Structure formats: C-alpha cells, structure tokens
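Have a look at the structure below, then the notes.
Number of protein chains: 2
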Amino acid sequence: MSHAHIRTEKCTHIRIYKSLISSQFRDPIQHTHARTEGIANIFFFFFLAVTRMEADGVKNWVLVVTAQTPTNIAVIKYWGKRDESLILPINDSISVTLDPAHLCTTTSVAVSPSFTHDRMWLNGKEISLSGGRFQNCLRELRFRANDVEDDDNGIKITKKDWDKMHVHIVSYNNFPTAAGLASSAAGLACLVFSLAKLMNVKEDHSKLSAIARQGSGSACRSLYGGFVKWVMGKEENGSDSIAVQLADEKHWDDLVIVIAVVSSSQKETSSTSGMRDTVETSALIEHRAKVVVPKRIIQMEEAIKNRDFPAFAALTCADSNQFHAVALDTCPPIFYMNDTSHRIISCVEKWNRFEGTFQVAYTFDAGPNAVLISRDRKTAALLLQRLLFYFPPQSETDLNSYVIGDKTILRDAGIQEVKDSETLAPPPEINANTPAHRYKGDISYFICTGPGRGPVVLTDENQSLIDPKTGLPK
Amino acid sequence: MSHAHIRTEKCTHIRIYKSLISSQFRDPIQHTHARTEGIANIFFFFFLAVTRMEADGVKNWVLVVTAQTPTNIAVIKYWGKRDESLILPINDSISVTLDPAHLCTTTSVAVSPSFTHDRMWLNGKEISLSGGRFQNCLRELRFRANDVEDDDNGIKITKKDWDKMHVHIVSYNNFPTAAGLASSAAGLACLVFSLAKLMNVKEDHSKLSAIARQGSGSACRSLYGGFVKWVMGKEENGSDSIAVQLADEKHWDDLVIVIAVVSSSQKETSSTSGMRDTVETSALIEHRAKVVVPKRIIQMEEAIKNRDFPAFAALTCADSNQFHAVALDTCPPIFYMNDTSHRIISCVEKWNRFEGTFQVAYTFDAGPNAVLISRDRKTAALLLQRLLFYFPPQSETDLNSYVIGDKTILRDAGIQEVKDSETLAPPPEINANTPAHRYKGDISYFICTGPGRGPVVLTDENQSLIDPKTGLPK
Chain A
597 MSHAHIRTEK CTHIRIYKSL ISSQFRDPIQ HTHARTEGIA NIFFFFFLAV
647 TRMEADGVKN WVLVVTAQTP TNIAVIKYWG KRDESLILPI NDSISVTLDP
697 AHLCTTTSVA VSPSFTHDRM WLNGKEISLS GGRFQNCLRE LRFRANDVED
747 DDNGIKITKK DWDKMHVHIV SYNNFPTAAG LASSAAGLAC LVFSLAKLMN
797 VKEDHSKLSA IARQGSGSAC RSLYGGFVKW VMGKEENGSD SIAVQLADEK
847 HWDDLVIVIA VVSSSQKETS STSGMRDTVE TSALIEHRAK VVVPKRIIQM
897 EEAIKNRDFP AFAALTCADS NQFHAVALDT CPPIFYMNDT SHRIISCVEK
947 WNRFEGTFQV AYTFDAGPNA VLISRDRKTA ALLLQRLLFY FPPQSETDLN
997 SYVIGDKTIL RDAGIQEVKD SETLAPPPEI NANTPAHRYK GDISYFICTG
1047 PGRGPVVLTD ENQSLIDPKT GLPK
Chain B
597 MSHAHIRTEK CTHIRIYKSL ISSQFRDPIQ HTHARTEGIA NIFFFFFLAV
647 TRMEADGVKN WVLVVTAQTP TNIAVIKYWG KRDESLILPI NDSISVTLDP
697 AHLCTTTSVA VSPSFTHDRM WLNGKEISLS GGRFQNCLRE LRFRANDVED
747 DDNGIKITKK DWDKMHVHIV SYNNFPTAAG LASSAAGLAC LVFSLAKLMN
797 VKEDHSKLSA IARQGSGSAC RSLYGGFVKW VMGKEENGSD SIAVQLADEK
847 HWDDLVIVIA VVSSSQKETS STSGMRDTVE TSALIEHRAK VVVPKRIIQM
897 EEAIKNRDFP AFAALTCADS NQFHAVALDT CPPIFYMNDT SHRIISCVEK
947 WNRFEGTFQV AYTFDAGPNA VLISRDRKTA ALLLQRLLFY FPPQSETDLN
997 SYVIGDKTIL RDAGIQEVKD SETLAPPPEI NANTPAHRYK GDISYFICTG
1047 PGRGPVVLTD ENQSLIDPKT GLPK
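Here is the structure:
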C-alpha cells in the first residue's frame, strides 16, 4: 500500500501519553474522560481519530476509538463453568470494580479499508486472535454492528461492510498480566467495549457484558463501575448470563483497597484450565456452587446494600478461602496462594481478632496477590502501617514506587521515607514477648485504590495506542 | 522416704539404651521385643523391672513396664469431632502404621507405693496430667485394672488398690513433637498400651483403642500394625468407635515410605482447635464427612485388599488435599502446608503425570511434612533421587543425618555422599529448556521407612526410661 499524501485530523487536544506505554508498573496518568453509557451515538464522531489517506485516487482512512476499562475483584468468586465455549458459570458472582485511575486496561481499536486481516497487540507484543474466545467476541460484535458515517472525512461503513472490514486492536494493562489481578477481565471488557463503540453497536452494557463474558468470564463484570453481580442465568444459549450493577461506586466510597503485589511472575495454572480441572475432579465444588454460593450471594447483596462492613468482610474472606479450598481439592491440586499470601492473611486475621470487629477483608484471585479492603481511610492507613511493618521495602527502594496509586493513604499512615517504615513499631495485636518476623523483599509493591467507575471512551487522541497514520501500534 | 538398702532385680539382659534418650532426631536402636497380643498374663512378670526397697521395715518397690508404639499416617483423614470430650469423629478414617524402627514412641510406666501422685515426663520435660484427656484414659484403665501379684518380690496389688496407687509415665518420641507427624497418636497409644500391661488390663486391642481414642483420636489407630480403620461408630458413649486392623504389615510390604521433614517447628494451629473451628465454620466439612468420605472408605478398603497402588495413591492424594481444603475453608483459615510442601506435591504430580501412572502418593497431616508412599523399593530410590535433586543437603551436612531410617533406599538411589546429590541430573519429566529450581536447606531431613507392626512390650530393662530405684526418669 502506498500513500501519496497523508492528512491527519485530530479531534481532541494534546496530552502526553507515551509514558504509559514505556513503563509497565507505574502509576498511570489521570485521564479526563466522558461518561458514555446511553449516549453513544450523540458523541460518536467526537472521539474518533480519523486519518484519511488518498493514494492513487483510492480513498483510504483509519478510524480509531480508544477506551479505558477497569478491572474488578470478585468478593463472591466465579470458579467453574457449566459451558466451556459460551463461558457460562456454575454460580453467580459479585465483584467490586477497581478505580481505573490505578488499575485498568486501555485499548485502541481501528478499522481501515487498508487492513488485510484482524490483528491484536497486547502490552507491546502481537498476539494471535485465532482463539475461539476472541473470535466469539468479534463475531458477536460484527453481527450487531451498524452503519458508521462521517461525511467530512469521506467515511462510510454500512452494516453489511463490517463482515469484510478488518480491525486492529492495541491493548495495554497498567498492571502485571496473568498474575491474578484479573487482567483478562479488564482486557476483554475493553476490547468489547471499544469495538462496540467503533462499530456503532447499540446494545446496552448488559448485552455487551454477555459478549465480553464469551471472551473471559469475569470480563462481563468490568462493564460497570461500583458493585456488580454476574447472574449465571439459565438459558442454554447464555443470553441471560449477564452482569448487572448492584450499586455504583459512589454508594460505598468509604472503602479503601490496598493490593499487595506478591509476585509479578506468571501464574502456573491458568484460570481456564484450573477451573475446568476443579469442575471435573473436586468432590466439593458442586456443593459450593449449588448450596453455599446461592446463600452467600443473597447475604452479600444485602451487605452491600446496607454498607454493612462486618458482613461484607466476613463473606469476602470466607469466599476467597473457599475458592482456594476447592482449587486445592482439585486433582492435581492448584495452589495460587504462597507463604507470603498466608502471612498477609495471618496479619489481617490477627488484627481483626484483636479489634473484635472486621477492620479489613482480604481476597485473593488466581494468584498470590492480596486484595485488602479496608472499612475506611483511617483503617487503610493503619493497614498500610502494618503491611510496611511486616513487609518493609528494601533499603534501596524508592518509597514512591513501593506504594503506588492513591498516595494520600501513605501520607495518612505518616510514612514519608523508607526509613519511616523501618522504625515502625510492631502492631499492638502481636505478642510483645515474641520477636516479630519481618519479610523484607517478599512484596513487589502495594497499590492503594478504591472502588471505581465503569468503562469510558478516551477522547484525547494522545491517549490512543494506535498511530492514526499507519493503523499500527504507536 | 529413706531407703536402708536397695536391691534391684533385673529380669532381662543388658542393652545400651541411653543414646535414645540423648539424641532426639536420630535413627533409633533396633530393639528385640516380644509380641504381646493375647498372651499378656503368661509372660507378664518377665518384662517387669522390679525394684524392691526395704526401709524401716516397710516393704517398698517400683514396678516398671516399657512399651514401644508406632505412629500412623492417615490415608483417609480424620478431621472433625462429633463429641469433643469422648473424641468421636464425624467420619471413618484409614491409616498406615509406620515402622516403629524409625518412628515410634517409647513409654515406661511405673507404679509404686512410694508415688504420691500421677506424674508424666514427655521428651525429658515434666508435663501436666491434669488435662481431661489424660484423666479420661487413666480413669478408664484404672476401672479395668486387675490384680497384679509377684510373690518373689512381695508385690501384691489388688484390683481395688489401683484407685489409690499412683503411676509415673515417661515417654519419648524419636521424631519431632507436634510437627504434623502424629506424635500425639503414638504417644497416647503407648501410654494406654503400657499402662494396660502394667495394670493387667485384659481387654483386647480393640477395646484399648477406644480408650486411647479418648486421649488423642488418631491414637486408636496406633494399636495395630499394617493398615487400620478407625470406625466412627454410632453409639453416644463411643463404645463402638474403635480401631480395626484391615490387613497386617506383611500384606503389602512392597510399599516404601519417605518422609520429608520440612520443619521441626511447632505448628501454629493445634489439630484439636483446628478441627473444632472447621466443624463450626466450614461450609464444606459436612459434605465431606457425610458424602465424600464414606465412598472413599469403601474404595480405600478395596484398594488395600487388592494391593491396587493406582487406586490407593489416587485416594490418598485426593483425601490429603481435601483435608487441607476444609482446613482452608475454616474461619480463620488454617494453613498446614507451606511453599515447600507445595513444591513436593508438584514434584510428585509431575512425575506421576510423566509416567502416566502413579509412582508415588503424597499425604500431609497437620503440618508441612510430606509423607510419600512409593509403590516399591525401585520407585522409592527414584523418588529419593528426585527429592535430593530438588532439595539437596547443605554442603556441610552429613548425608547420614540427612537421610535417616532405612539406609538401603539411599544405597539403591546410588547416593553415597553429599556431592553425589549435587551432581544429580534433572528428572526427565521437567522441561529441559527451563532451568530447574533447587531448594537447598528447605528440608531438615528425610526418613525412609515403611508399613510396620503394632505396639510391643520391650523386655530389656535397659530400654526402660524409668530408673527402677527412684521411679523417676533415667
């Protein structure tokens, strides 16, 4: 393909975005963004980055949409499918959406007559789209695509055209992939959400959640902010297996979440094969799915509705432990938590017991990282003191890169420098006569965050990950 | 009490025993011993060490019995009581008795008119006998005690006297106490067995097992060698909650057992409080006890009967994992296994998968130590090679103290010196392209052993732990 002359039209103001690309584990930039629910068509052409290329008299252009989607942490866990290809779960699950300011996927999707096949790049590396899960999502979206028209730029894609048009997808997580931080949830949700915008899909978030679900089960819960329930559904075709919002992020914004990133190494057992093995071999999973979880779902909805932290925390901890219990009851057994995870649980359990009431809940996904939910900011600061007491940074570590995200928690904890963490007194709940073990180096870093909003389109073209001239990753 | 003159009568030949006292973690001495079942009264006076003391015209004496009792490892686990004080379990369990040549408790019990109260010493330290469990065992035994007469030594204790007579108990484990190696099982079984001999209790082993059960649940299974089932029973008073022998140790003597002692530190959660918490808080334990275990018991009995190693190994691994799963499903969660335990499981699972059939089964009690059961001697040597590859000894370690017990397995593995373990090739089941992790120092030592016999009385007075003159620990 040759381009005689290339004209780029930018529809948004300039922001520096490239640092998000170059540094994998840093505090992402705060973005300005528009809320999108229900207003897709009105602002549709305002966030498209369009590049029109005229070569040899043939009109050419690249149409780009960029979106940002949060990750989520389940407090009642999804583990086990009743349908492998449609990704239909054996029980309902409930999650908290995490603030995308600190943990999110950014995805740019583009369409152009010049693209010869669908391509995708994840975290800077091209990956295959041939997997059934990607194909299911793309097929479902193309099926629901509508006309896209932009007279100014000479673009016209009809509903029928989408079958022949190819897309480029560039996606980036600002947190470790496949380390139990639900990267695939945010990733697939973002892919579906951004393609839906590009393709002018008119279905609401609930329908989009059913499409995202076919890419990665827990992705469906990332279509909403706040507190989200994935209803398992009853239909064989999965049409009623969708996410619904229980409450938005403002409903319970006292909560502060501290994530302890124990290891950024890839987990040994993927969730997909792990949960298949559990369903096939665990003698306990059916009882969990049919008897235990249905009760917990009702109790958790009630706890969220009433902002009842003790009930919320008790259910969250119990359900995390039960998920890891059924993983362990699998043949061969699956261990996602390690000794450091166990030590974090022990730290939280001792403190809660000492106070006589829940200060903090813990939950672990398919990896060793702890997600710790504090009842409020004050408790979060006390939690951070404890975490830095047990897991002090290496002396040469920059505190700024050891505790990332919402830095105000660190300030509230009264810790300004690495040496402040070194002189922390043992928490009162541990026996003063027993020297406390401290585990320097066992934690990579902490992320301070909270419940957050759902997906948004990024209107600033500088936040786009696709070069609007080439249609390739920037 | 003053002793004018003291005369000691020894009824057995001399053997050196003191080294068993001084070294806690060594290969115990091989003992000569008499089998005792059903012949108690015939040889009763042959194994008593009697010391007669005549002071101020008052006849005095110390009557001592010494016994050795094996520990056992459950392959279908006991976890959870339906009656806390009688120690009645919520499910049947099955165990393999371990060779007492390598793991056992030795207990000497003594009675004397000079003793003023019941006393006990465990591993060289006096401990309280006031606990309900000791008291239950002592009461049950006194209730069943019979006349003991020795005309030659002027000893006569009538059935009624036992209520007023006091005993001294000195017990010693040749393996770490409370580290998940069922020390309390062997300990309580030995206490009950030796006191029963001392008191001329005529009940058979099955009745004695019901008494030992009241001291420590799993102790009842240590009253027999080989393969033992603890029948949970139905009676409220626990009379039918007894151990029965499924097969003796000769039935399946191909099996070789390697124990990896991961840590000799005391476990954080005792079995007693742990299983109580599980019964009270786990949402899975009832399903396990009522639905899963009854099926596994039938399958395991069949596997043992037929010496069907694949079935035996599959059940053993699955039930160990499920026990740890319900421990994890407890509030607060209980972790007995650590990262090293997980690595041992991973090593075994990889190997079994590579071979396409079970070579080795693993099982873990309430601690991090692995009990690995190999199908035969050849497999045990291959297992030991793998274990020494992943967990080589520290360079300064003496191989002789790193692999203890049945040394012939080490010889079969072709390892004579520490340096032989350093040059071991990675096992074929691990990916040649990935450098294998080796964990030097993570294992304290290995014990090679096998299925073994039940309790025996030790007839050699030098094996006694009680000084027959003073009635106190030697």
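Going line by line, the protein sequences match chains A and B.
When you line the first sequence up against the numbering used here, it's residues 597 to 1070, in that order.
When you line the second sequence up against the numbering used here, it's residues 597 to 1070, in that order.
By construction, the Cβ of each residue, glycine as well, lies at the ideal position given by its N, Cα and C atoms.
This one's a predicted model, so the numbers in the text were calculated from it and none came from an experiment.
Selection from the options that minimises the alpha carbon distance to residue i
i	options	result
Lys-901(A)	His-713(A), Ser-710(A), Gln-841(A) and Ile-941(A)	Gln-841(A)
Tyr-958(B)	Val-852(B), Pro-1023(B) and Ser-866(B)	Val-852(B)
Phe-931(B)	Leu-968(B), Arg-939(B) and Ala-921(B)	Ala-921(B)
Thr-1019(B)	Leu-984(B), Gly-1067(B), Trp-758(B) and Lys-946(B)	Leu-984(B)
Gln-981(A)	Thr-877(A), Pro-1022(A) and Ala-914(A)	Pro-1022(A)
Thr-1074(B)	Ala-962(B), Ser-837(B), Arg-939(B) and Gly-1037(B)	Lying outside 597 to 1070, the shown extent of chain B, residue 1074(B) is not represented and no answer is given.
Ser-1040(A)	Val-1052(A), Thr-1055(A) and Leu-995(A)	Leu-995(A)
Phe-711(B)	Leu-659(B), Asp-748(B) and Asn-732(B)	Leu-659(B)
Val-762(B)	Arg-872(B), Leu-734(B) and Val-788(B)	Position check: residue 762(B) holds His in this sequence, whereas Val was assumed. Among Arg-872(B), Leu-734(B) and Val-788(B), the Cα nearest to that of His-762(B) is on Leu-734(B).
Ser-942(A)	Phe-954(B), Thr-953(B), Pro-928(B) and Lys-946(B)	Pro-928(B)
Lys-1065(A)	Trp-717(A), Thr-877(A) and His-764(A)	His-764(A)
Arg-884(B)	Gln-895(B), Phe-919(B), Ala-907(B) and Ser-867(B)	Phe-919(B)
Ala-910(B)	Asp-759(B), Leu-968(B), Leu-880(B) and Val-707(B)	Leu-968(B)
Arg-1034(B)	Ile-807(B), Glu-992(B) and Ile-940(B)	Ile-940(B)
His-698(A)	Asn-1058(A), Glu-1057(A), Thr-1045(A) and Arg-1049(A)	Thr-1045(A)
Whole-angstrom C-beta distance between residue j and residue i, which should lie under 8 Å
i	j	result
Asn-719(B)	Asn-769(B)	6 Å
Lys-830(A)	Ala-839(A)	With 8 Å as the limit, Lys-830(A) and Ala-839(A) do not qualify as a contact, their Cβ atoms being about 16 Å apart.
Gly-821(B)	Glu-845(B)	5 Å
Thr-926(B)	Thr-874(B)	4 Å
Ser-814(A)	Ala-663(A)	That belief does not hold up - the Cβ atoms of Ser-814(A) and Ala-663(A) are roughly 18 Å apart, past 8 Å.
Val-590(B)	Asp-1038(B)	This structure cannot speak to residue 590(B), because chain B is shown only from 597 to 1070.
Residue burial classification, residue i (beta-carbon count within 10 angstroms, cutoff 16)
i	result
Ala-1032(A)	exposed
Val-887(A)	exposed
Gln-1012(A)	exposed
Gln-990(A)	exposed
His-713(A)	exposed
Phe-639(B)	Summary for Phe-639(B): the model assigns pLDDT 39, below 50, so the residue's position carries little reliability, and this model does not support an answer.
Asp-1063(B)	buried
Arg-892(B)	buried
Phe-950(B)	exposed
Pro-1024(A)	exposed
Ser-618(A)	Reliability fails at Ser-618(A), whose pLDDT of 29 lies under 50, so the model's placement of it is uncertain and the value that follows must be treated cautiously. Exposed, by the Cβ-count rule.
Lys-793(A)	buried
Glu-736(B)	buried
Gly-952(B)	exposed
Cβ pair residue i, residue j closer than 8 Å
i	j	result
Asn-934(A)	Asp-935(B)	yes
Val-854(A)	Leu-979(A)	yes
Ser-689(A)	Lys-673(A)	yes
Pro-1068(B)	Ser-704(B)	Checking the sequence shown, residue 1068(B) turns out to be Leu, not Pro. No. Outside cutoff.
Asn-687(A)	Val-889(A)	yes
Ser-691(B)	Gly-728(B)	no
Asn-1027(B)	Leu-924(A)	no
Ile-1005(A)	Arg-973(A)	yes
Thr-702(B)	Pro-1047(B)	no
Thr-665(A)	Cys-786(A)	yes
Gly-578(B)	Ile-1043(B)	A question about residue 578(B) goes unanswered here, because the residues of chain B that appear run from 597 up to 1070.
Ser-837(B)	Arg-872(B)	no
Pro-1139(A)	Phe-771(A)	This structure leaves residue 1139(A) out entirely; chain A is present only between 597 and 1070.
Ile-758(A)	Ser-708(A)	Going by the sequence as given, residue 758(A) is Trp instead of Ile. No.
Val-593(B)	Arg-740(B)	Within the shown structure, residues of chain B are numbered from 597 to 1070, placing residue 593(B) beyond reach of any answer.
Residue(s) in a DSSP beta bridge with residue i
i	result
Ala-856(A)	Ala-966(A) and Phe-1042(A)
Gln-664(A)	Thr-702(A) and Val-1052(A)
Thr-693(B)	Asn-668(B)
Leu-1006(A)	Paired residue(s): none; Leu-1006(A) is not in a bridge.
Trp-826(B)	Ser-689(B) and Ala-839(B)
Glu-722(A)	Trp-717(A)
Asn-732(B)	According to DSSP, Asn-732(B) bridges with nothing at all.
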